[in-house]
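Encoded as structure tokens, the structure appears first; notes follow it.
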Amino acid sequence: MIADSSGNRIRNNILTLASLALLAAFLWLAPKYLDGYKVRIINLIAINAILGLSLNLIYGMAGMFSLGHAGFMAIGAYVSALLILTPEQKSMMWILDPIAPWLMDLHAPFYASLLMAGILAAFFGWLISLPILRLGGDYLGIATLGFSEILRILIANLTSITNGPIGLKGIPAHTSLWVSYGCLLLFLAAVIRLMKSNFGNVIRAVRDDEIAAKTMGVNTFRTKVLAFTIGCFGAGVGGALMGNIITTIDSKMFTITQTYNILMIVVIGGLGSITGSILGSVIITTMLEWLRFVENPITIGAFRMDGKPGMRMVIFSLLLVAVIIFRREGIMGMREFSWDWVLSRPAAVRNRLASGGTPKGGD
Amino acid sequence: MARLDNFSRTDEKDNVLTLSGITIHFGGLVAVDSVSMYVRRGAIAGLIGPNGAGKTTAFNVITGFYKPFSGYVEFTPPNASPMKITGLEPHKICKAGIARTFQNIRLFGNGTVLENVMTGAYVRQSGKWWMNILPIFPGAIREEREVREQAAALLERLGLARFINAHAASLPYGAQRRLEIARALATKPSFLLLDEPAAGMNPQESAELLNFIRTLRDEFDLSILLIEHDMKVVMGVCEHIWVLDDGRLIADGDSARIRSNPKVIEAYLGKEAAHA
Amino acid sequence: MALNMFLQHLINAVGLGSLYGLIAIGYTMVYGILRLINFAHGDIFMLGAYFVFFATIRYKLPWALGVIIAVAGAILSGLLVDLIAYKPLRNAPRISALISAIGVSFFIENASMVAFTAKPQAVIQPKQLVEAFSVGGVRFVPLNIIVPVISFILVGMLLWMIYRTKQGLAMRSISHDIETTRLMGVSVNRIIALTFAIGSGLAAVAGIMWALRYPKVEPLMGFTPGFKAFIAAVFGGIGSIPGAMLGGLALGFIEIMSVAFFPTLSGYKDAFAFVLLVIILLVKPTGLMGEKLEDKI
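Going down the list, the sequences are from chains A, B and C.
Our numbering numbers the first residue of the first sequence as 92 and each following residue consecutively.
Our numbering numbers the first residue of the second sequence as 91 and each following residue consecutively.
Our numbering numbers the first residue of the third sequence as 3 and each following residue consecutively.
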């Protein structure tokens, strides 16, 4: 489309605003009527959506296979927690080693800590990307996974900064629904605008054909570094939000499993689709929680089955393999949500029924 | 070095591109052996030779993908002094004003036709990437709109308007070749390299291509160097032809001279050119 | 450091390094042929260890039989992984197969936790393998001698197979150009399966020796050694079998010696390999003995 006809654009803006109002009403009502557990899942959906979007930017849109997301989340979570914790809390917590003196009095309010979490994660992302983004494909995946693991080892050993294996406790639960969804909307709006601009075309071009992109005057290395850094910013903020909802963090929270979960969101939703990452987050987050029932003891009449810890991850991993084999493009492929598409659905279905055709193809 | 029979010093400042003593090896294999050639400003020149003669390698040297072992490439943008571009990164060479197409079409397959052309225009965009995140930079918004409109206009001029929102990979073969040229033109080059533009075309299409290439040169104020196997196209459109064989320059001149050159006939023995 | 201490560490390093090398061979062979990082390889190694544990300690079978069962079980698992998760993706983009590999690895790890529980299980070492004897002030544990000896014998046999048999020739030819090899009438899928079988078998042998060395088994025991072995394969030059062994030995040496000389760094032991990986990839991505794969323009 060169330009939407202005009537459609006004209609679409009204629809978007109405949806945002609905979302606001939902966020306002949810804590009043739902229990804390459900609210937390709704919260996690927003955080996972931020994480999914940021990985999608790196992998789906810029085509860099990164397995380092957990590491950048860890940076964000630790930066935010260390800034929020008060000197009193800090003086109580470091048992194994004394806390580094400069860290003791470092303190910042929650929002500033979120921003710092994002900025520091982005900074480390930028730093690590300079050497490793020269690698392609699977080697990049391995190098980022390696970086993420090194970071975990550092966190477990740099006791004077991270409190080592004990981790950080008593982080205030700042992440309310408003905070997490507010952050999601800001990040989402930024990613949408970026990807709709010509720079978005350039990012996708680098993914599709790096040599052709170079020939078109694109500094592909710089473009990749930028996309990677922005993605790491999102991972840092997501990690910080996560820490502020779970209130306790340690290095074991940020293993490769964490990265797999986000990878799953991106793959299920559709690599390269912003809409897909949001849908993927809703589906995967709810499913991960819902599947907990297979890990709890089940009693059906006189028959009792012991819970099996790890069972949901078994189902989960099978799902990942199945999606990759049978529906590689995920739910959305590279397509995006648009009101025009939604509003054309009823007519499309009617036409399909009228023509008596099978419900296949054509959209 | 091959003797260049009509290479006279007085004309040199009219060259848009000069290759001087370019040599490149892969492992022990010499792919291009001390090749010196030039393209006059505003000319359509051809680079021909049997398969494996080193034509595409020469293109890759000019566009910065290969670094020559010895020799240099000099490019003169319009109204500017000559610059050595040997060893520059490909994107800088594009910025200097050289664009190219590929023998085995390389489009951004997941993007639409419009997006492909817009990507080409990015190199001339002055707005910074972050200006698009917040809608508070009127200059950036205007520029984005202009890029979009100019890309659409370019597609219109190249007869691709009806494909504008189609996926690049879904286009018919001929249209894909044209789109690749449109994308190259979007970078606003002064010098265009075409790698086998007639490949896969039927005789009628390649006849049309002759006029198309001339129109391109005139409308976009270009100098063009093309690699081509279709001798009707080469003889029909090229004002000066360079012949490579086995990495060496064996002849150059206008189509009549090339046709009658015994070395060329020998290199192409049994092929169309030998009887033409 | 006294010479006898150094020798002690050296023996230790060769033992550990040859295990990394054995695992690395599986990575390097599969990568050489399919350009795929077989993420599940470390988990096959773990399965091999568990199989021998169940056969000999739970069901009291003789060790020799246990080893055969473990190797056969691992080979079968490796073949199944290829059949289910990789074969359908032969013509898909390479990264798709990689994600599938990640999924399979994740599956084997979690399924093992469900089946075997996450708790580490002790492996009872046969006495004759661990009773140390001393030669000139250097203590020798028979296990530490047997591990590298078995590893080197297996690598020797493998090299003979690769360079002296028809199957080996087919393997080398597939890694060079899979399409042409197919056109020559070679049953490519059979050879790929053979590659997985050999890699898995060697991983199982490594897993058994690993279980004896540390003496325990646990579901996640494959992750770190698997990862380090992959690094060893990259270090040696991916695709090269002697390179994989050399890389494994180098990695074992670096790990043991750095902790021996700088005991304060022991907490960071696992990080060395990753740092090494980043350095190799930057300085010489083709590794010690690898060939360059070029992009065609």
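Where is the CB? At the ideal position from N, CA and C, for every residue including glycine.
Restricting attention to alpha helix (DSSP H) runs no shorter than 4 residues, the stretch 129-155 of chain B encloses them at 145-152, ordered along the chain. The C-beta of residue 299 of chain A comes no closer than 8 Å to any C-beta of chain C.
The Cβ of residue 275 of chain A sits no closer than 8 Å to any Cβ of chain C.
DSSP places residue 185 of chain A in the coil class of the three-state scheme, outside both helix and strand. If you draw a 10 Å sphere on the C-beta of residue 438 of chain A, you find fewer than 16 other C-beta atoms in it, and that means exposed. The criterion of a C-beta distance shorter than 8 Å is satisfied by residue 156 of chain C and residue 207 of chain C. Residue-level contact check: residue 227 of chain C does not touch chain A, since none of the beta carbons of chain A fall below 8 Å from its beta carbon. When Cβ-Cβ separations below 8 Å define contact, residue 223 of chain C makes no contact with chain A. The CB of residue 201 of chain B comes closer than 8 Å to the CB of 292, 295, 296 and 299 in chain A, given here in chain order.
According to the DSSP assignment, residue 200 of chain C belongs to no beta strand (DSSP E) but to the alpha helix (DSSP H) extending over 190-215. With respect to residue 138 of chain A, residue 329 of chain A sits close: the two C-beta atoms are nearer than 8 Å. The count of Cβ pairs closer than 8 Å, one atom from the stretch 276-289 of chain B and one from the stretch 187-198 of chain B, reaches three, so the stretches are in contact. The stretch 20-30 of chain C and the stretch 238-256 of chain C touch, with three or more beta-carbon pairs separated by less than 8 Å. For residue 235 of chain A, the nearest beta carbon of chain B is not closer than 8 Å to its own beta carbon.
Looking at the DSSP output, residue 332 of chain B sits in a beta bridge with B/137 and B/342. Taking 8 Å as the threshold, the shortest C-beta distance from residue 315 of chain A to chain C does not fall below it.
Distance from the CA atom of residue 222 of chain A to the CA atom of residue 129 of chain C, rounded to whole angstroms, is 49 Å. Unbroken alpha helix (DSSP H) stretches of 4 residues or longer found wholly inside the stretch 95-143 of chain A: 97-124, given in chain order.
Contact between the stretch 262-272 of chain C and the stretch 65-74 of chain C is absent: fewer than 3 CB-CB pairs across the two stretches fall below 8 Å. Against chain B, the CB of residue 184 of chain A has no partner CB under 8 Å away; the residue lies outside that interface. Non-local beta-carbon contacts of residue 234 of chain C in its own chain, meaning distances under 6 Å to residues more than five positions away in sequence, involve 22, 26, 249, 250 and 253 in chain order. Distance from the Cα of residue 142 of chain B is smallest, within the candidate group B/231, B/338, B/353 and B/347, for B/338. When only Cα atoms are considered, residue 181 of chain C and residue 164 of chain C end up about 20 Å apart. The criterion of a C-beta distance shorter than 8 Å is not satisfied by residue 130 of chain A and residue 332 of chain A.
Annotated as distal: residue 232 of chain A and residue 145 of chain A, with beta-carbon spacing of 8 Å or more. 8 Å or more divides the Cβ of residue 175 of chain A from the Cβ of residue 251 of chain A. With contact defined as three or more Cβ pairs closer than 8 Å, the stretch 161-174 of chain A and the stretch 310-326 of chain A are in contact. Between residue 358 of chain A and residue 411 of chain A, the C-beta gap is smaller than 8 Å, which places the two residues in contact. With 16 or more other Cβ atoms from the protein chains shown falling within 10 Å of its own Cβ, residue 352 of chain A counts as buried. In the structure shown, residue 428 of chain A falls within a coil segment according to DSSP collapsed to helix, strand and coil.
Counting the other CB atoms within 10 Å of its CB gives residue 135 of chain C a total below 16, which places it among the exposed residues. With contacts defined as CB atoms closer than 8 Å, residue 341 of chain A and residue 400 of chain A fail to qualify as a contacting pair.
Runs of the alpha helix (DSSP H) lying entirely within the stretch 276-321 of chain A, each at least 4 residues long, are 289-299 and 301-306 in chain order.
Listed as beta-bridge partners of residue 124 of chain C by DSSP are C/218. Taking a C-beta distance under 8 Å as the contact criterion, residue 288 of chain B and residue 320 of chain B qualify as a contact pair. Our two residues, residue 268 of chain C and residue 318 of chain A, have alpha carbons roughly 36 Å apart in a direct line.
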